[in-house]
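Enquirer: Line by line, the protein sequences are chains R and H. In terms of the numbering used here, the first sequence opens at residue 1 and continues consecutively. In terms of the numbering used here, the second sequence opens at residue 1 and continues consecutively.
2 protein chains.
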Amino acid sequence: MNRVYNFNPGPATLPLEVLKEVQAEFLNFDGSGMSIVEISHRSKPYEKVHEQTKADILQLMNLGDDYEVLFIQGGASLQFAMIPMNFATKEKFGSYAVTGIFSRNAYKEAEKLGVGKIAASTETENFSRVPRQDELKIESDAAYFHICYNNTIYGTEFHYTPEVGDVPLFADMSSDIFSRPVDFKKFSLIYAGVQKNLGPAGVVIVVAKKSLIEKSLETLPTMLRYDTFYKKNSLYNTPPVFSIYVVGKVVQWIKKYGGLAAMAQRNLKKATLLYGVIDESEGFYKGHAQKDSRSLMNVTFRLPNEELEKKFVAEALENNLSGIKGHRLVGGMRASIYNAMPLEGVEMLAEFMRKFRRKNLSSTSYQPQATS
Amino acid sequence: MNRVYNFNPGPATLPLEVLKEVQAEFLNFDGSGMSIVEISHRSKPYEKVHEQTKADILQLMNLGDDYEVLFIQGGASLQFAMIPMNFATKEKFGSYAVTGIFSRNAYKEAEKLGVGKIAASTETENFSRVPRQDELKIESDAAYFHICYNNTIYGTEFHYTPEVGDVPLFADMSSDIFSRPVDFKKFSLIYAGVQKNLGPAGVVIVVAKKSLIEKSLETLPTMLRYDTFYKKNSLYNTPPVFSIYVVGKVVQWIKKYGGLAAMAQRNLKKATLLYGVIDESEGFYKGHAQKDSRSLMNVTFRLPNEELEKKFVAEALENNLSGIKGHRLVGGMRASIYNAMPLEGVEMLAEFMRKFRRKNLSSTSYQPQATS
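1) With burial defined as no fewer than 16 other Cβ atoms inside 10 Å of the residue's Cβ, what is the status of PHE352 of chain R: buried or exposed?
2) Considering ILE190 of chain H, what are the terminal residues of the alpha helix (DSSP H) in which it resides?
3) Within 10 Å of its beta-carbon, does ASN62 of chain H have 16 or more other beta-carbons around it, so buried, or fewer, so exposed?
4) I'd like the span of the beta strand (DSSP E) that includes HIS146 of chain R, first residue to last.
5) CA-CA distance, LYS44 of chain H and ASN8 of chain R?
6) Could you tell me whether the Cβ atoms of ASP292 of chain R and ARG129 of chain R are closer together than 8 Å?
7) Against chain H, with Cβ distances strictly below 8 Å, would LEU373 of chain R count as a contact?
8) With a threshold of 8 Å between beta-carbons, can SER372 of chain R be considered close to chain H, or not?
9) Just to confirm the assignment, what range does the alpha helix (DSSP H) spanning MET85 of chain R have?
10) Just verifying my parser: in three-state terms, what is the DSSP assignment at LYS383 of chain H?
11) Would you mind stating whether LYS112 of chain R and THR219 of chain H have Cβ atoms separated by less than 8 Å?
12) Would you mind telling me which residues of chain R sit closer than 7 Å to PHE301 of chain H, beta carbon to beta carbon, in chain order?
13) Taking the alpha-carbon positions, what's the ALA261 of chain H to TYR275 of chain H distance?
14) Is the beta carbon of ALA350 of chain R closer than 8 Å to that of VAL277 of chain R?
15) So, for THR222 of chain H: in the same chain, excluding its five sequence neighbours on each side, which residues have a beta-carbon less than 8 Å away from its beta-carbon?
16) Measure from the alpha carbon of ILE177 of chain H to the alpha carbon of each residue in H:TYR107, H:VAL204, H:GLU344 and H:GLY94, then state which is nearest.
17) If I follow the unbroken alpha helix (DSSP H) through GLY64 of chain H, where does it start and stop?
18) Quick one: is LEU169 of chain H near chain R, going by C-beta distance under 8 Å?
19) Would you decide whether GLU307 of chain H is buried or exposed? Buried here means 16 or more other CB atoms lie within 10 Å of its CB.
20) Three-state secondary structure (DSSP) at ARG104 of chain R?
21) Tell me the DSSP secondary structure of LYS286 of chain H in three-state form.
22) Can you give me the start and stop residues for the alpha helix (DSSP H) that ILE254 of chain R sits inside?
23) Under 7 Å, CB to CB, which of the residues in the region 30-61 of chain R have a partner in chain H?
24) DSSP state of LEU317 of chain R, grouped into three classes?
25) List, in chain order, every chain R residue whose beta-carbon is nearer than 9 Å to that of LYS112 of chain H.
26) Would you mind reading off the limits of the alpha helix (DSSP H) that contains THR272 of chain R?
27) When you check each C-beta in the region 234-251 of chain H against every C-beta of chain R, which residues fall closer than 8 Å?
28) For SER95 of chain R, write down the residues that DSSP places opposite it in a beta bridge.
29) Counting only beta-carbon separations shorter than 8 Å, does PHE26 of chain H have a partner in chain R?
30) Please compile the residues from chain R whose C-beta is within a distance smaller than 8 Å of the C-beta of ALA12 of chain H.
31) So with Cβ pairs under 8 Å, would you call PHE7 of chain R a contact of chain H?
32) Please look up how many angstroms separate the CB atoms of LYS186 of chain H and THR161 of chain H, rounded, as I've assumed it's under 8 Å.
33) Start and end of the beta strand (DSSP E) containing LYS325 of chain H?
34) For chain H, is any of its Cβ atoms less than 8 Å away from the one on PRO342 of chain R?
35) So the candidates are R:ILE254, R:LYS249 and R:GLY332; which of them puts its Cα closest to the Cα of TYR285 of chain R?
36) Just verifying my parser: in three-state terms, what is the DSSP assignment at ARG334 of chain H?
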């Protein structure tokens with residue numbers, strides 16, 4: 001059916017098995033005689049989807065009854081505003097690690113309200129790494145400490161969970177949620193726009209300690225209060241039914257294929273393949289991320305010059321490898337290899353990278369370098 | 001394929017022709033080798049969808065280049081907050097007609113900010129009608145006058161466009177957008193959650209005068225500023241691609257079948273059928289809405305007692321007529337007969353209503369009454 005390998009950063013590739021299921025039942029969901037996109041969000045068949053998805057998410061995260069799953073629209077970008085509006089004050093600041101564009105945007109929304117502080121930033125290094133624990137300056141009375149776990153644009157990822165004492169730990173996991181086991185209990189609030197690792201753009205899953213979200217400021221607009229979503233089970237108004245439904249199927253797909261441990265194993269194998277080609281290329285491919293911050297989800301690298309980069313993108317596409325062009329802030333290439341990217345796709349890309357290097361070694365002014 | 005007639009108020013029935021198209025191309029959109037739910041929002045195939053949908057919407061509304069179409073998440077409920085945050089001040093209040101739950105919620109968000117005034121309310125009449133022009137108390141220096149054009153829960157609808165002088169006219173048209181021609185040029189801002197007449201829940205279309213939205217308050221959160229959406233063509237962050245894509249197809253379906261005039265003709269025919277049965281029932285069926293405010297989209301009516309109402313819902317379902325139960329605030333029945341509800345569905349419901357009345361006339365304490 002002429003499907004390509006889709007290395008886009010998000011919206012991104014989804015499991016073909018899930019897409020086929022969605023397609024098969026698209027005109028008549030669960031015997032309702034309606035499409036999932038026509039069904040009432042107050043109906044029994046939808047309720048089943050809603051509750052099952054919430055339960056499966058908590059199960060995957062190994063979280064108990066003290067956490068709640070919310071479905072909120074507006075993307076992670078709206079969370080950037082909701083978080084300081086709900087939790088930070090002029091007395092208790094929100095503390096931020098700035099490790100890329102999205103975490104910087106998160107900080108900026110708090111700054112706009114006069115309630116944000118930077119605990120660490122790697123901006124001067126063009127966000128080529130995340131900060132080490134010893135670099136984090138978190139005040140003990142901070143309202144929360146916020147990190148972006150994986151930085152899609154730069155291809156960096158936290159490989160440790162920051163120690164924050166009694167400060168509640170918040171994380172934007174939009175681009176690596178459910179890619180590997182994490183000790184989620186260390187977090188008070190985790191959120192993820194689903195369009196990278198979980199489903200169709202249009203919903204953010206927020207998983208938070210109930211004690212944190214059961215009561216919000218009365219003065220906030222209804223739709224910006226976490227307690228609106230908590231008290232009404234994310235059904236205060238019509239939720240984005242289709243996105244939640246597909247997320248539910250993807251979460252079941254993750255469980256079926258072994259859960260987070262199995263995802264991690266496969267994702268590590270895929271990332272290792274690509275970083276291996278980069279490291280063995282004698283400098284033909286240059287990774288953007290420093291090695292200890294390398295993302296398992298977004299592999300960013302440059303070629304010797306922009307002409308070769310253009311050629312790489314074009315020839316990759318001829319080989320059914322699509323969406324490989326990097327973000328303009330980093331340049332070069334970015335291979336996004338989320339859960340749903342099959343190993344075969346990454347093997348094909350690795351093979352293509354090797355061939356491309358061999359073919360173009362002599363045609364450029366590039367000089368092989370000793371690998372660092 | 002066992003599809004039912006779906007009278008739900010939203011999410012609601014969509015054109016089967018559109019659903020079949022979505023299903024057919026679900027694994028490979030426009031030759032991209034990806035599903036529409038996997039495709040990048042920065043890609044050419046999506047750009048085509050985005051731009052075509054915007055253009056088709058403006059064309060259907062007969063609006064020119066001085067208006068802009070925005071796609072915003074969060075439902076109409078988030079618009080209730082964004083509108084006063086962006087446009088009202090303590091000096092220039094937002095003025096509201098309160099004609100049902102949603103318009104009251106819209107007012108409440110302005111009230112919370114201390115910037116809302118009620119221009120008219122029909123709450124004491126249980127929202128059985130919309131106010132007349134002569135009842136609207138709009139101050140000439142109001143920031144805007146806000147109405148909900150069609151009240152889904154109560155089954156009432158404005159059958160005139162309020163005269164507001166120089167005050168900008170704003171309307172929530174979530175439940176009757178594109179059901180009939182309206183002189184949209186009289187409005188400064190129109191918005192509609194799409195899940196009733198246009199597509200899958202998850203996006204609100206906002207159509208506004210460019211002059212109104214080109215510059216927002218710097219102090220507002222980024223995602224609550226209309227100018228964020230305007231300047232970035234609703235692509236500041238990932239839009240709800242799938243919802244927009246289906247809306248695009250539904251809008252094309254409307255154009256294909258004759259545009260708003262043809263929709264109006266068919267919708268009038270459908271509504272007339274049901275109101276006819278109600279009016280001829282000698283009081284067995286009692287409409288909630290007063291006659292001059294009757295909605296063409298949501299036909300609300302009660303039966304002689306709650307026992308009969310339960311029986312009605314159950315037997316309707318046995319006849320493949322689904323989603324007919326009314327909102328608890330009105331009780332009884334509500335038949336939502338949006339654009340996509342085929343005439344045959346309404347004919348079947350009308351026939352069912354006649355039969356149900358005949359069968360149950362004698363079995364109750366109900367006494368026929370002279371029709372008013």
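The beta-carbon is built from N, C-alpha and C at its ideal position, and this holds for glycine as well. Since the structure is predicted, the reported quantities are computational estimates derived from the model, not experimental observations.
Expert: Working from what's here:
1) Indexing the first sequence from 1 puts residue 352 of chain R at position 352. Answer is buried; the Cβ neighbour count reaches 16.
2) If you number the second sequence from 1, residue 190 of chain H lands on position 190. Unbroken run through ILE190 of chain H is the beta strand (DSSP E), 189-193; no alpha helix (DSSP H).
3) Residue 62 of chain H sits at position 62 when you count from the first residue of the second sequence. It is exposed - the Cβ of ASN62 of chain H has fewer than 16 other Cβ atoms within 10 Å.
4) Numbered from its first residue, the first sequence carries residue 146 of chain R at position 146. 144-148 is the span of the beta strand (DSSP E), which, as asked, contains HIS146 of chain R.
5) If you number the second sequence from 1, residue 44 of chain H lands on position 44. If you number the first sequence from 1, residue 8 of chain R lands on position 8. C-alpha separation (whole angstroms): 13 Å.
6) Working through the first sequence from its first residue, we reach residue 292 of chain R at position 292. Working through the first sequence from its first residue, we reach residue 129 of chain R at position 129. Contact: yes.
7) Outside the shown range of chain R, which is 1 to 372, sits residue 373 of chain R, and nothing can be said about it.
8) Residue 372 of chain R sits at position 372 when you count from the first residue of the first sequence. For SER372 of chain R, the predicted structure reports a pLDDT of 46, less than 50, and the residue's modelled location is therefore unreliable. The matter cannot be settled from this model.
9) For this step, residue 85 of chain R is matched to residue 85 along the first sequence. Residues 75-87.
10) The first residue shown for chain H is 1 and the last is 372, placing residue 383 of chain H beyond what the model contains.
11) Start at 1 with the first residue of the first sequence, and residue 112 of chain R comes out as number 112. Start at 1 with the first residue of the second sequence, and residue 219 of chain H comes out as number 219. For LYS112 of chain R and THR219 of chain H, yes; Cβs fall inside 8 Å.
12) On the second sequence, position 301 is the one that residue 301 of chain H refers to. None at all; the shortest Cβ gap to chain R is about 19 Å.
13) As a position in the second sequence, residue 261 of chain H is number 261, starting the count at 1. As a position in the second sequence, residue 275 of chain H is number 275, starting the count at 1. Going from the Cα of ALA261 of chain H to the Cα of TYR275 of chain H covers about 21 Å.
14) To locate residue 277 of chain R, count along the first sequence from 1; it is residue 277. To locate residue 350 of chain R, count along the first sequence from 1; it is residue 350. It is a contact, given that the beta carbons lie within the stated cut-off.
15) One-based indexing of the second sequence puts residue 222 of chain H at position 222. Answer for THR222 of chain H: THR228 and TYR236, listed in chain order.
16) Mapped onto the second sequence, residue 177 of chain H falls at position 177. Closest option to ILE177 of chain H, Cα to Cα, is H:VAL204.
17) The residue you call residue 64 of chain H lines up with position 64 of the second sequence. Per DSSP, GLY64 of chain H belongs to no alpha helix (DSSP H) and is neither H nor E.
18) As a working note, residue 169 of chain H is residue 169 in the second sequence. Chain R, which has no Cβ nearer than 8 Å to the Cβ of LEU169 of chain H, makes this no.
19) Mapped onto the second sequence, residue 307 of chain H falls at position 307. Classification for GLU307 of chain H: exposed.
20) Along the first sequence, read from residue 1 onward, the residue named residue 104 of chain R stands at position 104. Here ARG104 of chain R sits in helix by DSSP.
21) Position 286 of the second sequence holds residue 286 of chain H. It is a strand residue.
22) The residue you call residue 254 of chain R lines up with position 254 of the first sequence. 241-256 is the span of the alpha helix (DSSP H), which, as asked, contains ILE254 of chain R.
23) GLY33, MET34, SER35, VAL37, GLU38, ILE39, SER40 and HIS41
24) Along the first sequence, read from residue 1 onward, the residue named residue 317 of chain R stands at position 317. DSSP places LEU317 of chain R in helix when its eight states are reduced to three.
25) In the second sequence, residue 112 of chain H corresponds to position 112, counting from 1. Chain R residues near LYS112 of chain H: GLU218, THR219, LEU220, PRO221 and THR222.
26) For the purposes of this step, residue 272 of chain R is taken as the residue at position 272 of the first sequence. Segment 259-279, the alpha helix (DSSP H) holding THR272 of chain R.
27) TYR236, ASN237, THR238, PRO239, PRO240, VAL241, PHE242, SER243 and VAL246
28) The residue given as residue 95 of chain R occupies position 95 in the first sequence. Answer is R:LYS117 and R:PHE145, bridged to SER95 of chain R.
29) Within the second sequence, residue 26 of chain H is the residue found at index 26, counting from 1. Yes, PHE26 of chain H counts as interfacial toward chain R.
30) As a first step, residue 12 of chain H is located in the second sequence; it is residue number 12 there, counting from the start. Simply GLU38.
31) For the purposes of this step, residue 7 of chain R is identified with residue 7 of the first sequence, where counting begins at 1. Answer no: the Cβ-Cβ gap between PHE7 of chain R and chain H never drops below 8 Å.
32) Reading the second sequence from its first residue, position 186 is the one you call residue 186 of chain H. Reading the second sequence from its first residue, position 161 is the one you call residue 161 of chain H. Right, the Cβ-Cβ distance comes to about 5 Å (below 8 Å), so this counts as a contact.
33) Against the second sequence, residue 325 of chain H aligns to sequence position 325. Where LYS325 of chain H is concerned, there is no enclosing beta strand (DSSP E), given that its DSSP letter is neither H nor E.
34) Stepping through the first sequence from its first residue, residue 342 of chain R is reached at position 342. Not an interface residue.
35) As a first step, residue 285 of chain R must be located in the first sequence, where it is residue number 285. Among R:ILE254, R:LYS249 and R:GLY332, the Cα nearest to that of TYR285 of chain R belongs to R:GLY332.
36) Counted from its first residue, the second sequence places residue 334 of chain H at position 334. If DSSP states are grouped into helix, strand and coil, ARG334 of chain H belongs with the strands.
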